[in-house]
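Student: 3 is the number of the first residue of the sequence shown in the working numbering; add one for each residue after it. Built from N, CA and C at the ideal position, the CB exists for glycine as well. Below you'll find the structure I mean.
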Amino acid sequence: MSEIILGIESSCDDTSAAVLRDGVMLSNVIASQKVHENYGGVVPELASRAHQQNIVPVVSEAIRQAGVKKEDLTAIAFTRGPGLLGSLLVGTSFAKGLAISLDIPLIDVNHLHAHVLSHFIKTDEESETPHFPYMCLLISGGNSQIVLVKSPTDMEILGQTIDDAAGEAFDKCAKVMGLPYPGGPHIDRLAAEGDASRFHFAKPRIPGLDYSFSGLKTSFLYTLRDEKKKDPDFVTKNMADLAASLQRTIIEILIDKLDKAVKEYPVKEIAIGGGVSANSGVRQAIADFCAKRGIKAWIPERRFTTDNAAMVAIAGAFAFRNGERARLEMPPYARVTI
Ligand code: KG4
């Protein structure tokens, strides 16, 4: 009998629902919240309210697009954390209510596990997936981690950021350049036209496999401040070169630690995940890094890099097969690593 899992994601500013049959994606509906654009960042209270409005139509649409009935569902997987508590409460409460009404199992999913496992979403029966153990560079707006993935339910963090995440470095530097939130995709677009060797920013010297991005942010800020004193139009005149130089520096920081990690933990496959893995420069750098070392690179389709429920459903499917179930009294959690 086939296993049909509904995934629900509401940890930040995307309300998403997806249906997977035996790991094959039948639908993946995402309602992105535009309301935050005017504020230069996600406003938690507004996010919760938007999730509340979106959750019923998004779930209904995911079930409709999948061509199944809600009575056909085997189980419901939902993101329990980490994320914004008010946002998580919407998805968690909805998932619990639906599971009770359908009398089917409920599975709680760690959002970070879901990003790491996004490579197992099959778009058709033939889709290939990674082999364990593999290494995952998880780079998003809230996290930057090097994870050793031993099995779908056994992951070890080898290193992680001690301050800002890679996505924050993109977004905060973009903000001082006057670009809209989130700035990552704008930097990516501008960088394609710029000279990446033009500007030099500080790089961290953190021992081990941990990351740090706050020094780069400060150094970027100081460069802009000093140059603007000499020429008030400095930023507008040098947008592309600034973006390209910033992107190059972030990539160098990411690759430097990954290089150390594969020396310590030789693996045959490396995957990337999280919003920053949508970045063209990062994708190319990882592909080159792996090609040079004879390592298989798993670069996700762009639609699976940012928050989506298909990754929650696949992580839920693994947990379901492993016999894991969520209890109704389990509350969402704002913080946790992996
Ligand atoms: O995984 P994600 O959707 O969720 C959070 O962690 O919240 O990641 C969002 C992050 C943002 O910082 C955004 O700027 C970044 O991913 N991002 C990018 C690109 N697309 C999204 N950063 C650089 N280049 C991109 N193309």
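(1) Determine the DSSP secondary structure at MET332, reduced to helix, strand or coil.
(2) Are HIS53 and GLY93 touching if we call contact CB-CB under 8 Å?
(3) Going by C-alpha distance, which of GLN286, ALA311, VAL237 and SER214 is nearest ALA167?
(4) Taking 7 Å as the line, does the beta carbon of PHE172 fall inside it for any heavy atom of ligand 2?
(5) Using 7 Å as the cut-off, classify the Cβ of SER142 as near or not near the heavy atoms of ligand 1, replying yes or no.
(6) Less than 8 Å between the beta carbons of VAL26 and ALA64, yes or no?
(7) Can you give me the C-alpha to C-alpha distance between VAL44 and PRO107, rounded to a whole angstrom?
(8) State the Cα-Cα distance for the pair ALA273 and ASP165, rounded to the nearest angstrom.
(9) Which value, in whole angstroms, describes the spacing of the CA atoms of GLY217 and VAL58?
(10) Cβ of THR308 within 7 Å of any heavy atom in ligand 1?
(11) Specify the secondary structure class of LYS71 as computed by DSSP and reduced to three states.
(12) Does GLU170 pass the burial test, meaning 16 or more other C-beta atoms within 10 Å, or should it be called exposed?
(13) Can you tell me where the alpha helix (DSSP H) with GLU170 in it begins and where it stops?
(14) Which stretch, first to last residue, makes up the beta strand (DSSP E) that contains GLU271?
(15) Check each candidate in MET137, MET3 and SER95 and name the one with the smallest Cα separation from LEU75.
(16) Assuming ILE141 contacts LEU160 (C-beta within less than 8 Å), just tell me the rounded distance between them.
(17) Do ASN281 and ligand 1 come close, with the Cβ less than 7 Å from some heavy atom?
(18) Could you give the first and the last residue of the continuous alpha helix (DSSP H) run that contains ILE164?
(19) Rank ARG23, SER13 and ASP16 by C-alpha distance to the C-alpha of ILE7 and give the top, closest one.
(20) Name the DSSP beta bridge partners of TYR213, please?
(21) Roughly how many whole angstroms lie between the Cα atoms of ARG191 and ILE102?
(22) Buried or exposed for ARG200, going by 16 or more other Cβ atoms inside 10 Å?
(23) Is the beta carbon of THR155 less than 8 Å from the beta carbon of VAL111?
(24) Identify the residues that DSSP records as bridge partners of MET27: which are they?
(25) Report yes if the C-beta distance between TYR183 and GLU39 is below 8 Å; otherwise report no.
(26) With a CB to CB cut of under 8 Å and the five nearest residues on each side skipped, what residues in its chain are close to SER247?
(27) Could you check whether PRO302 and SER120 sit closer than 8 Å to each other, using their CB atoms as the reference points?
Tutor: Per the coordinate set shown:
(1) coil
(2) yes
(3) SER214
(4) Looking at this structure, you won't find ligand 2 anywhere; what it does contain is ligand 1.
(5) yes
(6) no
(7) 32 Å
(8) 23 Å
(9) 43 Å
(10) yes
(11) coil
(12) buried
(13) 168–178
(14) 271–275
(15) MET3
(16) Between LEU160 and ILE141 the Cβ distance is about 14 Å, and since that is not below 8 Å, they are no contact.
(17) yes
(18) Per DSSP, ILE164 belongs to no alpha helix (DSSP H) and is neither H nor E.
(19) ARG23
(20) THR163
(21) 46 Å
(22) exposed
(23) no
(24) LEU22
(25) yes
(26) GLY196, ASP197, ALA198, SER199, ARG200, PHE201, HIS202 and PHE203
(27) yes
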